[in-house]
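Student:
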Ligand code: AMP
Ligand code: ZN
C-alpha cells in the first residue's frame, strides 16, 4: 500500500473504481479513458511500481493476474474471440501510473500490430 498511489486508493475504496473482478491478490476495474470497447486494468493488490521491478516474492501476484485475465475474459464473453494485453513499464513505455497494471483490451479486432 502506497498512500500516494492512485491505484492503491482505488483498491482500498478511497477513490471509486468500476470494479469488474477481485480476489485475494488481484483487483480489476474499467479504464476511465477506454482505448477499446472493453478496456480493463488488472492490478496486483500489492503496490509494485512496474514490471521491471518485480521480485520472486511477487510470483503469486503475477500468476494471479494471468488467471484473473482469463476469468474476466470468460465471464465477459470474449475469451474465445480473444484479447490483447499491454503492460507499460518505465519511462520509455509512457507508463503514467506507477502501480503495475495490465491493460486488458477486447471487443474489437485490433489491426495495428506493433509486435
Ligand atoms: P499507463 O499509461 O500504462 O500508466 O496507463 C494508465 C491508465 O490508467 C490509463 O489508461 C488511464 O486512462 C487510466 N486511469 C487513470 N486514472 C484512472 C482512474 N481514476 N480510473 C481508472 N483508470 C484510470
Ligand atoms: Zn499502488
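Numbering (the working numbering), first residue to last: 2 to 116.
From the three backbone atoms N, C-alpha and C, an ideal C-beta is built for every residue, glycine too.
Considering only residues of the same chain and omitting the five flanking positions on each side of residue 29, which have a CB-CB separation below 8 Å?
Tutor: 20, 21, 22, 23, 41, 42, 43, 44, 69, 73 and 105.
Student: According to DSSP, which residues form a beta bridge with residue 43?
Tutor: Paired residue(s): 29 and 103.
Student: For the alpha helix (DSSP H) containing residue 62, name the first residue and the last one.
Tutor: Element bounds for residue 62: 60-77.
Student: Under a Cβ-count criterion, where at least 16 other Cβ atoms within 10 Å of its own Cβ denotes burial, should residue 8 be classed as buried or exposed?
Tutor: So residue 8 counts as buried.
Student: Compare the C-alpha of residue 75 against each of 61, 64 and 108 and name the closest.
Tutor: Among 61, 64 and 108, the Cα nearest to that of residue 75 belongs to 108.
Student: For the ligand AMP, any of its heavy atoms closer than 6 Å to the Cβ of residue 13?
Tutor: Result no, Cβ not under 6 Å from the ligand AMP.
Student: Shorter than 6 Å, the distance from the beta carbon of residue 50 to the closest heavy atom of the ligand AMP, or not?
Tutor: Residue 50: no, Cβ never under 6 Å from the ligand AMP.
Student: With a threshold of 6 Å, establish whether the CB of residue 54 neighbours any heavy atom of the ligand AMP.
Tutor: No.
Student: Candidates 111, 113, 112 and 98: which alpha carbon is nearest residue 49's?
Tutor: Among 111, 113, 112 and 98, the Cα nearest to that of residue 49 belongs to 98.
Student: Leaving out the 5 sequence neighbours to the left and right, which residues in its chain are closer than 8 Å to residue 25 when beta-carbon positions are compared?
Tutor: Correct list, in chain order: 46 and 65.
Student: Roughly how many whole angstroms lie between the Cα atoms of residue 51 and residue 95?
Tutor: If I take the Cα positions, the gap works out to 12 Å.
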